[in-house]
Amino acid sequence: MKLVNYALQNQIEYLSEDKTNNHFKEYLQNILEDTSKPYYQRADYIGLSLNEIKSKIDYLSKDISELQALKKKLTNALEIAKEQVATIFEANGIDRIDGNIISSLTISKSTTKEKNIVNILDENKIMGLGFVKFSVDVEAVEKAITTKQGQKELKGLVEVTPMSITTPAKVKVNMKRASVNNSETDEILIIEEQVA
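Quick note, the sequence shown lines up with residues 9 to 204 if you use my numbering.
Structure below.
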């Protein structure tokens with residue numbers, strides 16, 4: 009993970025739906041209007057800044073997965089340790105030990121809970137007796153309403169409310185297959201970092 013951010017990357021990281029984001033728009037406009045640099049350097053600068061944000065997200069996602077796995081492992085290890093300590097305490101006739109920093113260690117008694125495991129032998133007969141759970145399959149209704157037969161069957165039973173969902177235009181960063189360092193692009197990135 010990079011330790012130095014591009015100036016544009018910093019601008020992107022502070023964007024929010026709750027803000028007007030005018031400063032970012034102005035900064036981006038200045039980059040696009042800066043004719044002292046070739047268009048491809050400006051495109052690389054914007055694309056690399058967006059890619060750095062995506063890289064951070066990917067890096068965080070990986071860290072989150074690793075932390076979740078570690079949490080699960082530690083939770084399991086803690087339960088095993090508690091059981092082992094209780095076993096050793098019981099073997100030595102200890103039901104409580106007082107501590108100096110902790111109040112005490114005590115053994116909770118083992119409990120046994122009865123639970124019935126039901127295995128259905130004849131599902132059709134069971135459902136015929138009324139042991140059925142019903143709910144409307146909304147996906148199937150949405151699919152059926154797009155056909156003439158479905159509209160005829162469901163007429164008067166469903167109400168369709170049209171809704172428009174607008175997805176704003178987004179820029180996509182398309183990377184080259186063979187990544188080659190362009191010294192001109194590196195130069196603009198270094199200059200932008202120094203300005204920030």
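Using N, Cα and C, we set each Cβ at its ideal position, and we do this for glycine too.
On a predicted model such as this, the values are computed, not experimentally measured, just so you know.
If you measure between the beta carbons of Ala152 and Glu161, is that distance less than 8 Å? yes
In three-state DSSP terms, what is Ser24? coil
Can you give me the C-alpha to C-alpha distance between Val126 and Ile115, rounded to a whole angstrom? 33 Å
Coil, strand or helix - Arg104 by DSSP: strand
At a cut of 8 Å, does the stretch 16-23 reach the stretch 51-61 through at least three beta carbon pairs? yes
Ser44 versus Leu82: straight-line alpha-carbon distance, rounded: 56 Å
Who does Ser112 pair with in a DSSP beta bridge? Asp106
Thinking just about the alpha-carbon of each residue, which of Asp26, Ile54, Glu25 is nearest to the one in Tyr35? Ile54
Using the Cα positions of Leu78 and Ala85, report the straight-line distance between them to the nearest angstrom. 10 Å
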